Amino acid sequence: MSETKTAAGCAVADQRKFSDFPASSPVAEKLASGKLGFDPDELRAKYAFERDKRIRPEGRGQYQEMTGNLDVFVDDPFVKQGLERDAVQRDVEVLIVGGGFGGLLGGAHLREAGVKDICIIEKGGDFGGTWYWNRYPGAQCDVESYLYLPLLEKLGYMPKEKYSFGPEILEHSLAIAKEYNLYDGALLETGVTDMSWDEGIQRWVVKTDRGDVLKARFISLATGILAKPKLPKIAGITDFKGHIFHTSRWDFDYTKGDTSGNLTGLNDKRVGIIGTGPTALQCIPHLGADSKELFVFQRTPSAIDVRGNHPTNPRWVDSLQPGWQARRMENFNVITNGGYQAEDLVNDGWTDLFRGLVGAEGKTEEQKKMTAEEKDAIKEIAHFQKMEEVRARVDAIVVDKDTAENLKAYYRPFCKRPCFHDDYLKTFNRPSVTLVDTDGKGVEVITEKGVVIAGVEYELDCLIVATGFETGEGFTSASGFEINGRDGSKLSEKWADGPATMHGMFSHGFPNCFFMGLFQTGLTVSLPHTLNEQAEHIAYVVEQCNERELGVLEVSEERQKDWGATIRSKAHNNEEFFNTCTPGYYNNEGKGGVNGHNFLTNQYGGGPIEFFEILKNWREEGGLQGLEVS
Ligand code: NDP
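All residue numbers for the sequence shown refer to my numbering, where the first residue is 1 and numbers rise by one.
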């Protein structure tokens with residue numbers, strides 16, 4: 001099949017035009033039905049045009065780390081009085097890095113496996129991870145609370161609403177830490193600086209920025225994803241004389257109010273926000289309500305569907321039977337992986353999206369008989385239909401026609417994270433709110449006074465940067481410290497081209513070390529589901545070591561190669577799809593799967609259900625297969 005190159009140089013197979021399918025084809029029948037209300041060939045061309053406008057030759061290089069004079073952007077604004085303590089020197093059985101859901105679930109499962117001596121090291125002033133840092137007004141989880149919040153039955157807690165806001169999730173995180181005594185021995189407000197395997201003592205020696213030196217039998221790395229905020233390299237970003245901060249370090253001293261809004265400090269301020277991703281769209285309604293004037297600088301619009309939050313129904317709660325949360329998680333996971341469930345227990349925007357679009361090309365007997373090309377075309381039409389619905393929603397809500405037009409997303413669903421919100425679009429009907437669309441270019445110049453777009457300077461008192469988090473730079477860049485394994489081998493060098501593991505958790509040369517994260521693993525829409533499975537698996541391995549009195553475990557090179565081969569052979573056939581997408585961190589900023597560290601590269605292509613089954617079978621076989629004991 002012939003190919004075309006996108007503006008970023010990615011190969012996209014030339015597709016037959018919809019109008020060229022023969023009259024007997026189901027594709028032509030769909031077109032002839034006259035019910036579509038759009039021309040799919042035109043939309044396909046429009047999507048490619050919008051994508052190409054946004055491709056930047058420098059790809060991920062358009063962003064910069066917040067180091068040097070930018071490090072003020074990552075200071076912790078939530079710790080009012082810095083902790084003072086003496087350096088700690090001690091031995092520990094399991095040292096966990098990261099106090100977010102990964103670390104908390106790791107700690108919880110290890111406690112249940114009988115591990116008493118756990119030390120969690122966390123940079124933030126408390127547990128909570130993402131929910132510790134992201135306290136911006138409106139912060140909410142877009143996955144249903146009843147399945148997203150871990151260990152609800154164990155803690156006897158029921159979320160107040162179908163979609164929890166940040167403070168409730170943070171509270172729940174702290175409750176997990178208390179329930180499992182994870183504050184015992186924890187080192188908060190502490191960053192790991194270095195981690196080295198000492199063959200002589202068969203321990204990991206872990207150093208921190210507070211001078212601590214810990215010797216750990218096992219380490220578990222739960223350093224998170226989307227945890228390191230990033231800034232765009234915009235000319236003049238450090239020249240701005242007004243107030244500036246990143247959404248993950250919200251400055252409530254300046255804005256006043258809290259996560260629920262009431263930002264009275266902005267009542268007399270001209271505020272600008274750069275970015276219109278999932279974070280921005282949650283805080284923009286509050287900024288719109290409370291700022292004297294708000295300017296939203298947009299490069300790519302988000303596709304925003306209905307949220308439909310509501311308080312938890314006590315009658316429904318009374319009807320729940322033990323084990324309900326695991327069943328709900330399973331039900332959601334099956335549906336969001338294109339599988340069938342007699343009942344959709346969650347029944348929300350996510351499940352609607354997946355029920356309608358994943359496998360949209362092959363559900364009926366008639367569809368199963370179609371050629372691969374016809375199936376792809378039918379699926380693409382279903383994608384167009386969904387996005388037309390989302391675009392129609394903009395017209396129904398936003399009064400000003402030009403603004404509405406600029407708020408419409410022209411790319412396929414799943415090219416960017418689907419978004420759900422009921423107040424975002426309405427905000428643009430406020431006279432004090434202006435959408436400044438940059439026609440795909442983004443903000444390129446910041447001055448002492450504000451932001452310049454197309455030669456117009458927007459003077460601002462406050463500029464909020466909602467430009468997301470580092471992805472694709474590798475594990476040690478994201479975690480911020482090197483891991484020196486057996487024979488002094490550095491993880492950053494060993495994984496220079498991408499992670500090498502068995503099951504995403506064990507890596508050759510790094511004994512008694514567990515990785516939690518989103519590489520070479522089964523990715524779930526509700527991330528704590530994946531983390532929970534990983535945590536359970538790690539706890540099982542530690543328990544086995546203790547029961548069988550095993551000293552040091554290390555995955556064999558051979559088994560690691562086998563897993564790498566499995567990952568490659570099962571690789572999603574999604575590269576082609578992402579090459580057609582508008583740039584973002586899902587597709588390496590439009591540059592495709594050339595980067596082994598990219599967010600969606602290197603997943604287990606068989607999906608999370610199959611992956612969890614592999615882990616379960618491995619445990620049931622009982623032999624710690626692939627792990628060499630020394
Ligand atoms: P994103 O990376 O998703 O969005 C960054 C935004 O900044 C994009 O709109 C991007 O535009 C824009 N941007 C970057 N550079 C420029 C520039 N120079 N000029 C103008 N705009 C620019 O970050 P978020 O913080 O919004 O979200 C990160 C992730 O966090 C989400 O994808 C999601 O996984 C998670 N999240 C989850 C939530 C939940 O409910 N579970 C809620 C919030 C976040 P462009 O699109 O053109 O690159």
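For glycine and all other residues, C-beta sits at the position ideal for the given N, C-alpha and C. Every value quoted in this text rests on a predicted model; they were computed, and no experiment measured them.
**Request:** Say whether the segment 46-53 touches the segment 214-230, bearing in mind that this needs 3 or more beta-carbon pairs closer than 8 Å, one atom from each stretch.
**Result:** Output reads no: the segment 214-230 does not touch the segment 46-53.
**Message:** Any heavy atom of the ligand NDP closer than 8 Å to the beta-carbon of E444?
**Reply:** Working through the sequence shown from its first residue, we reach residue 444 at position 444. Yes, Cβ of E444 sits closer than 8 Å to a heavy atom of the ligand NDP.
**Message:** Here's the rule: buried if 16 or more other CB atoms are within 10 angstroms of the residue's CB, otherwise exposed. What is I446?
**Reply:** Taking the sequence shown and counting its residues from 1, one reaches residue 446 at position 446. By the neighbour-count criterion, in which 16 or more other beta carbons inside 10 Å mark a residue as buried, I446 falls on the buried side.
**Asked** Given R355, which residues of its chain have a CB within under 8 Å of its CB, disregarding the five upstream and five downstream residues?
**Response** Taking the sequence shown and counting its residues from 1, the one referred to as residue 355 is at position 355. Excluding positions up to five away in sequence, the list reads I335, D344.
**Asked** Thinking C-alpha only, which one of G257, G211, A32, M66 is nearest E227?
**Response** Mapped onto the sequence shown, residue 227 falls at position 227. A small correction: the amino acid at residue 227 is Ala; Glu does not occupy that position in the sequence shown. Measuring from the Cα of A227, the nearest candidate turns out to be M66.
**Item:** Of the listed residues A13, E29, V12, nearest to D20 (C-alpha basis)
**Value:** What you label residue 20 is simply residue 20 of the sequence shown in a count that begins at 1. Comparing Cα positions, the closest option is E29.
**Integer-rounded CB distance, given that A565 should sit under 8 Å from G605** = Numbered from its first residue, the sequence shown carries residue 605 at position 605. Numbered from its first residue, the sequence shown carries residue 565 at position 565. Not really, about 12 Å apart at Cβ, beyond 8 Å.
**Request:** Throw me the rounded Cβ distance for the P679 and L523 pair, which I believe falls under 8 Å.
**Result:** This structure cannot speak to residue 679, because the chain is shown only from 1 to 630.
**Asked** By Cβ distance below 6 Å, which residues in the same chain neighbour V92 in space, the five residues on each side in sequence not counted?
**Response** Your numbering for residue 92 matches position 92 in the sequence shown. Closer than 6 Å at the Cβ level, and outside the excluded window around V92, lie D117, C119, L214, A216.
**Prompt:** Mind checking whether A108 and P150 have CB atoms under 9 Å apart?
**Reply:** The residue you call residue 108 lines up with position 108 of the sequence shown. The residue you call residue 150 lines up with position 150 of the sequence shown. Contact: yes.
**Rounded straight-line distance, which links the Cα of K561 to that of K432** = Translated into the one-based positions of the sequence shown, residue 432 becomes position 432. Translated into the one-based positions of the sequence shown, residue 561 becomes position 561. Before going further, note that residue 432 is Ser rather than Lys in the sequence given. Approximately 58 Å between the Cα atoms of the pair.
**Request:** Could you check the C-alpha separation between E374 and V27 for me, to the nearest Å?
**Result:** As a position in the sequence shown, residue 374 is number 374, starting the count at 1. As a position in the sequence shown, residue 27 is number 27, starting the count at 1. Their backbone Cα atoms lie some 6 Å apart in a straight line.
**Item:** Residues near R85 in its chain [Cβ-Cβ closer than 8 Å; skip 5 each side]
**Value:** Position 85 of the sequence shown, counted from the first residue, corresponds to residue 85. If we look at R85 and ignore the five residues flanking it on each side, its Cβ neighbours are R210.
**Request:** Pull up the distance between the alpha-carbon of F519 and that of A500, whole angstroms please.
**Result:** Counted from its first residue, the sequence shown places residue 519 at position 519. Counted from its first residue, the sequence shown places residue 500 at position 500. Rounded to whole angstroms, F519 to A500 spans 9 Å at the Cα level.
**Request:** In the DSSP assignment, find the beta strand (DSSP E) that holds A177 and state where it starts and stops.
**Result:** Walking along the sequence shown from the start, residue 177 turns up at place 177. No beta strand (DSSP E) contains A177, which is instead part of the alpha helix (DSSP H) from 166-179.
**Asked** Does the Cβ of I378 have 16 or more other Cβ atoms within 10 Å, making it buried, or fewer, making it exposed?
**Response** Taking the first residue of the sequence shown as 1, we reach residue 378 at position 378. I378 comes out buried.
**Item:** Three or more C-beta pairs below 8 Å linking the segment 279-296 and the segment 395-412
**Value:** Output reads no: the segment 395-412 does not touch the segment 279-296.
**Item:** Integer Cβ distance of K449 from N309, believed to fall under 8 Å
**Value:** Position 449 of the sequence shown holds residue 449. Position 309 of the sequence shown holds residue 309. 39 Å between Cβ atoms; not a contact.
**Proximity test, P637 beta-carbon vs the ligand NDP heavy atom, cut-off 8 Å** = Residue 637 lies beyond the range of the chain shown here (1 to 630); nothing can be said about it.
**Message:** Quick check: what's the CA-CA separation for K233 versus Y63?
**Reply:** Here the question's residue 233 lines up with position 233 in the sequence shown. Here the question's residue 63 lines up with position 63 in the sequence shown. K233 and Y63: Cα-Cα distance of roughly 5 Å.
**Asked** Got a sec, what are the start and stop residues for the alpha helix (DSSP H) R307 sits in?
**Response** Here residue 307 refers to the residue found at position 307 of the sequence shown. Here R307 belongs to no alpha helix (DSSP H), and DSSP marks it neither H nor E.
**Message:** Quick check on the DSSP output: the alpha helix (DSSP H) that includes Y136 runs from which residue to which?
**Reply:** One-based indexing of the sequence shown puts residue 136 at position 136. DSSP places Y136 outside any alpha helix (DSSP H), giving it a letter other than H or E.
**Prompt:** Quick one, are the C-beta atoms of T223 and F18 less than 9 Å apart?
**Reply:** Here the question's residue 223 lines up with position 223 in the sequence shown. Here the question's residue 18 lines up with position 18 in the sequence shown. Not in contact: T223 and F18 (Cβ atoms no closer than 9 Å).
**Reference Q81; option with closest CA among L155, E189, V143, W131** = Sequence index remark: in the sequence shown, residue 81 carries index 81 (1-based). Of the listed residues, the one whose Cα sits closest to Q81 is E189.
**Message:** Less than 9 Å between the C-beta atoms of V306 and T434, yes or no?
**Reply:** Counting from 1 along the sequence shown, the entry for residue 306 is found at position 306. Counting from 1 along the sequence shown, the entry for residue 434 is found at position 434. In this structure, T434 does not lie closer than 9 Å to V306 by Cβ.
**Message:** Between G468 and the ligand NDP, is there a pair consisting of the residue's CB and a ligand heavy atom that are separated by less than 8 Å?
**Reply:** On the sequence shown, residue 468 is found 468 positions in, with the first residue counted as 1. Because some heavy atom of the ligand NDP lies under 8 Å away, the Cβ of G468 counts as near it: yes.
**Item:** L31 (DSSP reduced to helix, strand or coil)
**Value:** If you number the sequence shown from 1, residue 31 lands on position 31. In the three-state DSSP reduction, L31 falls in the helix class (H, G or I).
**Asked** Alpha carbon to alpha carbon, what distance is there between I609 and T264?
**Response** Here residue 264 is taken as the residue at index 264 of the sequence shown, counted from 1. Here residue 609 is taken as the residue at index 609 of the sequence shown, counted from 1. Cα-Cα distance, rounded: 47 Å.
**Request:** Kindly provide the ranges of any beta strand (DSSP E) runs that are 3 or more residues long and lie completely inside the segment 59-139, ordered along the chain.
**Result:** 89-97, 118-121
**Message:** Closer than 8 Å to a non-hydrogen atom of the ligand NDP - does that hold for the CB of Y585?
**Reply:** Here residue 585 refers to the residue found at position 585 of the sequence shown. Yes, Cβ of Y585 sits closer than 8 Å to a heavy atom of the ligand NDP.
**Message:** I'd like the ranges of any beta strand (DSSP E) spanning at least 3 consecutive residues and lying wholly in the segment 549-580.
**Reply:** 553-555
**Prompt:** Which residue's Cα is closest to the Cα of E536: R44, N587, G102?
**Reply:** Along the sequence shown, one-based indexing puts residue 536 at 536. Comparing C-alpha distances from E536 to each of R44, N587, G102 shows the shortest one belongs to G102.
**Item:** Coarse secondary structure for G488, derived from DSSP in three states
**Value:** Position 488 of the sequence shown, counted from the first residue, corresponds to residue 488. DSSP places G488 in helix when its eight states are reduced to three.
**Prompt:** For F414, which option in E293, D39, L31, E575 has the closest C-alpha, if you only look at C-alpha atoms?
**Reply:** Taking the sequence shown and counting its residues from 1, the one referred to as residue 414 is at position 414. When only C-alpha atoms are compared, the closest one is E575.
**Message:** Using the three-state DSSP reduction, which class does L294 fall into: helix, strand or coil?
**Reply:** Residue mapping note: residue 294 aligns to position 294 of the sequence shown, counting from 1. Looking at L294 - three-state DSSP - the assignment turns out to be strand.
**Nearest neighbour of S492, chosen from A404, G261, A478 [CA to CA]** = If you number the sequence shown from 1, residue 492 lands on position 492. Ranking the options by Cα distance to S492, first place goes to A478.
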